[in-house]
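Numbering (the UniProt record's numbering), first residue to last: 1 to 258. The beta-carbon is built from N, C-alpha and C at its ideal position, and this holds for glycine as well. The structure presented is a predicted model; accordingly, all values stated were derived computationally and were not measured. A short write-up of the structure that comes next.
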């Protein structure tokens, strides 16, 4: 990623980072966005949009940074049939095309920004998206002798599309295993979650967002079967636990090996 401009939010300076993925052949930016975090969630968000908008790449060439070595990324790429390759440490030349794009951003986009553009992350990205589509993608590239967008569109028949954002989101979740306790619960991030009684005493495979822990999903044979419900400790001793939520519809018609 590239260090972006500072935002001025209520008098406070907030650092931004530009995450981008580039199509090696056409130089089209499959997706890029300024964010205020360098965590894996930023990589997930931008890569997911790139896949939904421009298709599944055969090969994903990424930096050697920690977030790009995440198990979540490895599992997601494997599930999508993407070959994941990391650059060698200190090998700047291997990232030439994306680095040239970042240089273009510094020279042709950043000088255009006004105080108003830097007053919020949304305004910064709105200005960036507009510049990307109207300027970068539509200017003739010196090596291609055509615009990046025209080059990409000339090979559109070879693009493998993916149009299910919910299934894609599930592929990026962290994977783990837990043993179900005698009371039908599992522990994740020091919190208890209820699972169906049939799994008591057994080990179950789960997936979840490691940054928010908002939802804990149970998987069996590669399919999401239910969502584990958080246990409210104050009521746990006396409350009757309801039926678990079924997620069978989420996998209907889709791949069974996610």
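DSSP places residue 7 in the strand class (E or B) of the three-state scheme. For residue 208, DSSP records a beta bridge to 174 and 216. Per the Cβ contact rule, the segment 113-129 is in contact with the segment 1-11 (3 or more Cβ pairs under 8 Å).
Three or more beta-carbon pairs separated by less than 8 Å are not found between the segment 132-144 and the segment 33-50, which leaves the two stretches without contact.
Annotated as distal: residue 131 and residue 103, with beta-carbon spacing of 9 Å or more.
Below 8 Å, enough C-beta pairs join the segment 43-58 and the segment 15-35 to call them touching: three or more.
Assigned with DSSP and collapsed to three states, residue 159 falls in coil, not helix or strand.
The DSSP-derived three-state label of residue 182 is coil. With a cutoff of 9 Å on beta-carbon distance, residue 177 and residue 228 are scored as not near each other. Pairwise C-beta distances place the segment 205-214 in contact with the segment 180-197, as three or more of them are shorter than 8 Å.
Excluding sequence positions up to five before and after residue 41, its CB lies within less than 6 Å of the CB of 211, all in the same chain and listed in chain order. DSSP places residue 74 inside the alpha helix (DSSP H), whose first and last residues are 71-80. Counting along the chain, residue 230 sits inside the beta strand (DSSP E) bounded by residues 223-230.
Boundaries of the alpha helix (DSSP H) harbouring residue 152: 148-153, taken from the DSSP string. Of 154, 96, 146 and 164, the smallest CA-CA separation from residue 49 is found for 164.
Looking only at 79, 83 and 106, the smallest Cα-Cα distance to residue 1 is reached by 106. Rounded to the nearest whole angstrom, the C-alpha separation of residue 200 and residue 67 is 35 Å. About 28 Å separates the beta carbon of residue 25 from that of residue 126, a gap too long to meet the 8 Å contact definition.
Remark: C-beta atoms of residue 44 and residue 78 do not approach each other more closely than 9 Å. Rounded to the nearest angstrom, the gap between the Cα atoms of residue 15 and residue 150 is 34 Å. Around the beta-carbon of residue 184, 16 or more other beta-carbon atoms lie within 10 Å, marking it buried. Separation of the CB atoms of residue 98 and residue 60 is rounded to 12 Å, and the pair is thereby denied contact status at 8 Å. Residue 172 and residue 65 have their alpha carbons spaced roughly 18 Å apart.
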